[in-house]
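Participant:
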Amino acid sequence: MSMSEYKPLIVAFCCNWCSYAGADLAGNNRLCYPADVKIIRVPCSCRVNPMFILRAFQRGADGVIICGCHPGDCHYTSGNYYTRRRMATLFSMLDYLGIEKERTRVEWVSAAEGAKFAATMNDFVETVAALGENKRLEDLRCKK
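If you count the sequence shown from 1, you need to add 1 to reach the working numbering.
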């Protein structure tokens, strides 16, 4: 597969109250971001278990992004603070496993920031595309 054909598969965990609404706003405003971004809606960003991210990489994701409410604006009061702490720990573990830190990201996107959501996804896809396919945790049984 040549680099011109390669399109990274991105899994985006988006909180229901802010980031998912921001993605919806981006769509309503016809802002473009790659179709290879697969959005998974979660009640809160703190609901994203680090195992979800490891499993996404195992199943063929090239990058994983977690989007939540801005700190201080969480629908569940402090969920995004837990996310920030948990993901800092996960990032050091991913580094230990040999997965480039650029393959994961945490972003705060509010419901009114459709343009920021689209720009964030475009930037993240571009960053992951430059890294190439993720083969570090891939499980060959998950390939088509």
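Glycine is no exception: its CB is placed at the ideal position from the N, C-alpha and C atoms.
Go through its chain and collect everything with a Cβ distance to Asp-96's Cβ below 8 Å, but skip five positions before and after it.
Facilitator: Along the sequence shown, one-based indexing puts residue 96 at 95. Lys-102, listed in sequence order.
Participant: State whether the region 53-63 contacts the region 19-28, with contact taken as three or more CB pairs (one from each stretch) at a distance under 8 Å.
Facilitator: With a cut-off of 8 Å, the region 19-28 and the region 53-63 do not count as touching, because too few Cβ pairs lie within range.
Participant: Examine the ligand HEM and report whether any of its heavy atoms sits within less than 7 Å of the Cβ of Ala-113.
Facilitator: Although the ligand HEM was asked about, the structure shown includes no ligands whatsoever.
Participant: Is Thr-84 near Cys-47, with beta carbons less than 8 Å apart?
Facilitator: In the sequence shown, the residue the question calls residue 84 occupies position 83. In the sequence shown, the residue the question calls residue 47 occupies position 46. It is a contact, given that the beta carbons lie within the stated cut-off.
Participant: Counting only the same chain and skipping the five closest in sequence on each side, list residues whose C-beta sits under 6 Å from that of Val-65.
Facilitator: Taking the sequence shown and counting its residues from 1, the one referred to as residue 65 is at position 64. Val-12, Ile-54, Ala-57, Thr-105.
Participant: Should Thr-121 go down as buried or exposed, given a rule of 16 or more other Cβ atoms within 10 Å for buried?
Facilitator: Looking up residue 121 in the sequence shown gives position 120. It is buried - the Cβ of Thr-121 has at least 16 other Cβ atoms within 10 Å.
Participant: At 4 residues or longer, and completely inside the region 71-144: list those alpha helix (DSSP H) runs for me, N to C.
Facilitator: Counting whole runs of 4 or more residues, the region 71-144 contains the alpha helix (DSSP H) stretches 80-98, 115-132.
Participant: Sorted by chain position, which residues of the same chain lie with C-beta nearer than 6 Å to Ala-119's C-beta, five sequence neighbours on each side aside?
Facilitator: Your numbering for residue 119 matches position 118 in the sequence shown. Excluding sequence neighbours, Ala-119 sits near Ala-27, Leu-32, Tyr-34.
Participant: Go through its chain and collect everything with a Cβ distance to Ala-112's Cβ below 6 Å, but skip five positions before and after it.
Facilitator: Position 111 of the sequence shown holds residue 112. Answer for Ala-112: Cys-19, Ala-22, Gly-23, listed in chain order.
Participant: For the beta strand (DSSP E) that Arg-42 lies in, which residues bound it at each end?
Facilitator: Taking the sequence shown and counting its residues from 1, one reaches residue 42 at position 41. Start and end: 38-43.
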